[in-house]
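Have a look at the structure below before the remarks.
There are 2 protein chains.
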Amino acid sequence: MYLKRTAISLEEAKEKLAGITVTPKVVRVKSVEAHGFVLAEDLRAPFPIPAFRRSGYDGYGILAHDDEDFPREFTMVDEVGAGSTHESALKSGECVRIMTGAKVPDDVAKVIMLEDTEALSGNRVRILRTSAKSNITEIGEEVARDERVIPAGTRLNAGAVSVLAAFGVSEVSVYKKPRVAVVATGSELAENARPEDGKIYNSNGPLLSGLAQENDADVTGVYELTDDLEATRELLARLTAENDLVITTGGVSVGDFDFLAVIAQENDCLFNKLAMRPGSPTTAFLMKGKPVIALSGNPSACFTGFWFFAEPLIRRFQGQTTRIRPGRGILRDGYTKKNEFDRYLNGVNGADGVSLNGHGQSSELSSLYQANCFYRIPHDTAVTAGEEVAIWWIPER
Amino acid sequence: MYLKRTAISLEEAKEKLAGITVTPKVVRVKSVEAHGFVLAEDLRAPFPIPAFRRSGYDGYGILAHDDEDFPREFTMVDEVGAGSTHESALKSGECVRIMTGAKVPDDVAKVIMLEDTEALSGNRVRILRTSAKSNITEIGEEVARDERVIPAGTRLNAGAVSVLAAFGVSEVSVYKKPRVAVVATGSELAENARPEDGKIYNSNGPLLSGLAQENDADVTGVYELTDDLEATRELLARLTAENDLVITTGGVSVGDFDFLAVIAQENDCLFNKLAMRPGSPTTAFLMKGKPVIALSGNPSACFTGFWFFAEPLIRRFQGQTTRIRPGRGILRDGYTKKNEFDRYLNGVNGADGVSLNGHGQSSELSSLYQANCFYRIPHDTAVTAGEEVAIWWIPER
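Chains A and B, in that order, are what the protein sequence lines are. 0 is the number of the first residue of the first sequence in numbering that gives the first Met the number 0; add one for each residue after it. 0 is the number of the first residue of the second sequence in numbering that gives the first Met the number 0; add one for each residue after it.
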């Protein structure tokens, strides 16, 4: 069976996928389990910080009108540890011992640092000198009540989770992580096969599942299918019904067993050929409205396709945009192989430029785990070492 | 109780911690659960890749001496799908249909792409033209048997896990993630307290626990302690016995309730004062040989201290070095506040330079989740906008 295919550009393909309707779902999660989720609504301060006049140092709190004629002696009437309070009014000549972080009584105007004092016998203390600053952080000086402290759309990392804790927020609204299923097709995949008999182990399944997890998807399963059109059709119908996104690998090239390409034709096909290598047979379609990204079985094409096509969708389900950032890089090596299509290679952009492999290793397989970017070799021209090329930074590498 | 403290520099403190003996433990984990672990031994290819002569395209395999006089007709004697094999020898004028990724029979010299052929009736096919290349990837062309494909010390990401899968490696030796306990001290921390009464919610516990997890530690617990010397001593004795590293927050400043500083003196104290702000009372000691990093209760000092002191240790337990990378940045704003010590601020280094806060927010608390670097303001000089400063990039931000 030969399918009609018209190659479109990478940019056109990305636009077609960007046109898919994606409806992020909002769920409530406990703050202690919110790490890695994206906040769905602004976090506003339920109370100011500090919520009380806070001492910046260990020292002695004194009244405003006692703040003169140093050195002079005081009577310490109470000790205020962090978490404690002292409510009674001070008289002139009295002071309270105040710890770092403790609540400063209302009538205390200044905290004199311990270093500027001398303990005497009993409750007596000598304050040697005043300080230029009050050493008191006033209510709301750091965060005002109702101030926006984390905007909606922020991915919650350790720092953000600590902000939730600081405000005693026990539950937050976040975007539900999209449910993603991964399907590896091909009779050549077999778990206990002898590799020399034409079989290969399924490495694209773990690759796509790992990448989806690294990008905060909820991976519901990794499936392996032999080359069987009806079984593929049935599995995809079930998986699209149960998931937000299905990513497949294999079964898209021009060939008799390329069932994904056939199933794309039976559904709402977005594209089935791209003017890029690797990954020119990359296909995308909607099955009852649910997106299926059908990548080729080539590991590099799988890797590139995940980042260019699946990752932006996974982000959109979480109210965000792709984390891939475009940039420019200097080629470490030339590339003279003629290309019908632009070539998008995964590479390492380091101190000595951008190259296919950071450590001089040759295999395509082992380049994936080292890659921190993609770079483009234009189709119509040979490029030489030192030339500037378009790159796309892979996040968190 | 006043303790003797001598301030040492950040670099000296780091060196003292680097001098601690750390013995990484090696464990076996299933490859499917190996994501985020660091490989403890080189992964060498148990078989070459490809393990068989592999077709790069869908097409027809022909003998070497039939590779001439095109166009000419052939009889197709078999179809070899990916994962299948064809063993019998071809005769002149015969060809085999071969799919992308399939095993090419030994006697086939070249695979002619489908696009360069025409199907005729029955098993007959016309090959229109030859190709310059064989379109066959020879055994071991990508990875030789026993070649090192992932070096020891590599943190396993999705790409690396896919390499394990490609070689059918079901279990690997990795470094055990260090067991890390977090202790937040201070009577001011209380879960159901009214914040206006001088209490604060414990945000440093979740911060340190989240950071430790982001850095591949096995966080065994987050503990809260009131200011009680004996209880602190007992908890630390238990936690150091059960963990590889204990990180505490609070209780290190100059003051009566600063029990961590006292306990440090009773043990093998590495340092208890640093010539830096925030975090000058940062303390580190060994309790029966186990490291305790005692950070101050200031959230920024906690954050900075985690990255400069705890993170390198967590990495060392996994056979690695810190992921913090030094660099240079241009100050967006000047900083005229006089400092006794160098100031290490967390900041955002972006297109418009490095600044305390990326989005113009003022609170120290909300700066942590946005920070992608630290930068240094020297203690002896005022710095102005546009000046170059030392920065340290925080990984994965």
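The C-beta atom is built at its ideal place from N, Cα and C for all residues, glycine as well. These figures come from a predicted structure and were not determined experimentally.
CA nearest to the CA of residue i, picked from the options
i, options, result
"B/A183", "B/I292, B/V291, B/V28 and B/Y222", "B/Y222"
"A/E195", "B/E11, B/N214, B/N371 and B/G167", "B/G167"
"B/I140", "B/S202, B/G158 and B/G55", "Per the sequence shown, residue 140 of chain B should be read as Glu rather than Ile. Taking only the C-alpha atoms, the option nearest B/E140 is B/G55."
"A/T248", "A/N242, A/D106, A/F258 and A/T239", "A/F258"
"A/N201", "A/G185, A/L344, A/G18 and A/G385", "A/G185"
"B/M286", "B/R123, B/F305, B/L273 and B/A260", "B/A260"
"B/E339", "B/D215, B/M275, B/I393 and B/Q212", "B/M275"
"A/R52", "A/G35, A/V142 and A/A118", "A/V142"
"A/E93", "A/I126, A/A164 and A/R237", "A/I126"
"A/R315", "A/S8, A/K24 and A/P394", "A/K24"
"A/D215", "A/G18, A/G35, A/L119 and A/L16", "A/G35"
"B/S308", "B/N266, B/N371, B/I246 and B/A39", "Sequence check: residue 308 of chain B is Phe here, not Ser. Nearest C-alpha to B/F308: B/I246."
"B/G100", "B/S87, B/I138, B/R71 and B/F69", "B/I138"
"A/D106", "A/S120, A/P70 and A/L62", "A/L62"
"B/P45", "A/A81, A/Q369, A/R193 and A/S87", "A/R193"
"B/F270", "B/G250, B/T335, B/G288 and B/A293", "B/A293"
"B/T231", "B/I323, B/E72 and B/V291", "B/V291"
"B/E363", "A/A88, A/T136 and A/A211", "A/T136"
"B/N297", "A/P49, A/D145, A/W392 and A/Y174", "A/P49"
"B/L16", "B/G326, B/Y374, B/T282 and B/E114", "B/T282"
"B/G121", "B/A236, B/F284, B/E72 and B/G328", "B/E72"
"A/P70", "A/S130, A/V79 and A/P47", "A/S130"
"A/P150", "A/V28, A/K198 and A/V173", "A/V173"
"B/G346", "B/R327, B/D68 and B/S91", "B/R327"
Beta-carbon separation (whole angstroms), residue i vs residue j, contact threshold 8 Å
i, j, result
"A/S295", "A/P280", "5 Å"
"A/L330", "A/V353", "6 Å"
"B/T84", "B/K102", "5 Å"
"B/Y59", "B/T116", "6 Å"
"A/L207", "A/C301", "6 Å"
"A/A165", "A/L238", "That pair is no contact at about 41 Å."
"A/T225", "A/N242", "So it is not a contact: roughly 21 Å between Cβ atoms."
"A/L273", "A/I19", "Actually they are not in contact, since the Cβ atoms of A/L273 and A/I19 sit about 17 Å apart, beyond 8 Å."
"A/V148", "A/R43", "7 Å"
"A/M75", "A/V95", "7 Å"
"B/V382", "B/I390", "Between B/I390 and B/V382 the Cβ distance is about 13 Å, and since that is not below 8 Å, they are no contact."
"A/V160", "B/G209", "5 Å"
"B/G152", "B/L38", "7 Å"
"B/S252", "A/V162", "Not quite, the Cβ-Cβ distance comes to about 23 Å (not below 8 Å), so this is no contact."
"A/G333", "A/A370", "At roughly 20 Å, the Cβ-Cβ gap does not stay under 8 Å, so A/G333 and A/A370 are not in contact."
"A/L228", "A/L312", "A/L228 to A/L312, Cβ: 26 Å. No contact."
Chain-ordered chain B contacts of residue i [CB-CB under 7 Å]
i, result
"A/D226", "G80"
"A/A131", "Residues of chain B passing the Cβ test: none, with the nearest at roughly 11 Å."
"A/V76", "In chain order: nothing, as chain B lies at least about 16 Å away."
"A/L210", "A157"
"A/I116", "Here the sequence assigns Thr to residue 116 of chain A, which means Ile is not the residue at that position. Within 7 Å Cβ-Cβ: nothing; A/T116 doesn't reach chain B, min ~12 Å."
"A/E395", "E395"
Per-residue contacts from residue i into chain B (C-beta, under 8 Å)
i, result
"A/H64", "Within chain B, no residue comes near A/H64; the closest Cβ sits about 25 Å away, beyond 8 Å."
"A/T84", "D196 and G197"
"A/K102", "D196 and G197"
"A/G185", "A81, G82 and G100"
Contacts that residue i makes with chain A (C-beta to C-beta distance below 8 Å)
i, result
"B/I149", "S365 and Y368"
is_contact[residue i, chain E] using C-beta, thresh 9 Å
i, result
"B/L259", "Of the protein chains in the structure, A and B, none is chain E."
Contacts of residue i in chain A (Cβ-Cβ under 7 Å)
i, result
"B/S252", "D57 and T99"
Contacts of residue i in chain A (Cβ-Cβ under 9 Å)
i, result
"B/E213", "H34, N156 and A157"
(request) Select from the segment 42-57 of chain A all residues with a C-beta closer than 7 Å to any C-beta belonging to chain B, and list them in chain order. (result) F46, I48, A50, F51 and D57
(message) So if I threshold CB-CB distances at 9 Å, which residues from the segment 366-381 of chain A count as touching chain B?
(response) S366, L367, Y368, Q369 and A370
(message) Short of 8 Å Cβ to Cβ, which residues in the segment 323-351 of chain A face chain B?
(response) none
(message) What are the residues in the segment 191-205 of chain B lying within 9 Å of chain A by C-beta distance?
(response) N191, A192, R193, P194, E195, D196, G197, K198, I199, Y200, N201, S202, N203, G204 and P205
(message) Can you pull out the residues from the segment 294-309 of chain B whose beta carbon lies closer than 8 Å to at least one beta carbon of chain A?
(response) G296, P298 and F302
(request) Any chance you could list the alpha helix (DSSP H) runs of at least 4 consecutive residues sitting entirely within the segment 174-230 of chain A, in chain order? (result) 203-213
(message) Tell me which residues of the segment 269-286 of chain A have at least one Cβ-Cβ distance to chain B shorter than 9 Å, keeping chain order.
(response) none
(request) Would you list, in chain order, the members of the segment 156-174 of chain A that have their beta-carbon closer than 8 Å to a beta-carbon of chain B? (result) N156, A157, G158, A159, V160, S161, V162, L163, A164, A165, F166 and G167
(message) For a minimum of 3 consecutive residues, which ranges assigned as the beta strand (DSSP E) are wholly contained in the segment 57-126 of chain A?
(response) 58-61, 71-79, 93-97, 109-112, 116-118 and 123-126
(request) List in chain order: all unbroken alpha helix (DSSP H) runs of 4+ residues lying wholly within the segment 270-346 of chain A. (result) 298-304 and 310-315
(request) Pick out the complete alpha helix (DSSP H) segments inside the segment 135-170 of chain B, 4 residues or longer, and give them in chain order. (result) 157-165
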